[in-house]
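Comments concern the structure below.
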Amino acid sequence: MNSSPIEHHIAYLTQCMRENITHELERQGVLLPFFQSLALHYIATHLPCTAHDVAMAIKKDKAQVTRLINELIKLELVDREQNPHDKRELILSLTESGQTLALQIKEVRRVVSARMTEGLDDEQQAQMQQWLVRMIDNLACQQSR
1 MNSSPIEHHI AYLTQCMREN ITHELERQGV LLPFFQSLAL HYIATHLPCT
51 AHDVAMAIKK DKAQVTRLIN ELIKLELVDR EQNPHDKREL ILSLTESGQT
101 LALQIKEVRR VVSARMTEGL DDEQQAQMQQ WLVRMIDNLA CQQSR
């Protein structure tokens with residue numbers, strides 16, 4: 001067994017993924033910072049959603065997500081409208097250019113994921129998925145105690 005702790009490997013893998021996604025987007029002329037691309041991807045795959053939903057999903061505080069979303073609105077990639085059922089809540093949606101960019105981001109994430117799992121067969125990938133879900137569940141349980 002490698003002497004480095006597992007959390008080191010997970011942190012390093014996460015950083016490598018971020019860098020690969022950002023580099024691939026930049027190579028395609030997309031200059032969004034990583035967390036803006038992550039927020040846009042989340043919104044695209046979880047419509048309708050709110051800023052709170054985005055914050056919970058990407059593990060950023062509400063103020064950080066508000067800034068991210070405001071930037072995406074300035075870039076005309078995201079719109080927000082009042083929820084007709086709850087005037088206190090704002091529903092996020094993608095503009096046409098946001099939808100186009102979200103598809104590009106989705107493809108980049110697919111390519112990076114394929115690169116990351118190269119050499120792992122389907123069974124190994126399924127096992128890794130189970131281990132990761134277990135570790136996430138273990139830590140999520142600790143937060144609620």
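Position 64 of the sequence shown, counted from 1, bears residue number 64 in UniProt numbering, the numbering being contiguous throughout.
We treat Cβ as the ideally placed atom computed from N, Cα and C, and that holds for glycine.
Beta-ladder partner(s) of residue i, from DSSP
i: Lys93; result: Looking at the sequence provided, one finds Ser at residue 93 rather than Lys. Looking at the DSSP assignment, Ser93 forms a beta bridge with Asp79.
Burial state of residue i (16 or more Cβ within 10 Å)
i: Arg134; result: exposed
i: Ser97; result: exposed
i: Ala55; result: buried
i: Tyr42; result: buried
i: Gln28; result: exposed
i: Gln129; result: exposed
i: Leu139; result: exposed
i: Val108; result: buried
i: Ile10; result: exposed
i: Val111; result: exposed
i: Ile21; result: buried
Cβ separation of residue i and residue j, assumed to be a contact under 8 Å, to the nearest whole Å
i: Leu90; j: Leu40; result: Actually they are not in contact, since the Cβ atoms of Leu90 and Leu40 sit about 16 Å apart, beyond 8 Å.
i: Leu101; j: Leu77; result: 6 Å
i: Leu25; j: Ile105; result: 7 Å
i: residue 199; j: Thr117; result: Because the chain in this structure spans residues 1 to 145, residue 199 falls outside the shown range and cannot be described.
i: Phe35; j: Lys59; result: 10 Å between Cβ atoms; not a contact.
i: Gln99; j: Ala44; result: 7 Å
Alpha helix (DSSP H) runs contained entirely in the UniProt domain "HTH marR-type" (3–137), provided each spans 4 or more residues: 6–27, 34–45, 51–58, 62–74 and 96–116
At least three beta-carbon pairs within less than 8 Å, the segment 75–91 to the segment 47–66: yes
At least 3 beta-carbon pairs within less than 8 Å: the segment 55–66 vs the segment 1–15: no
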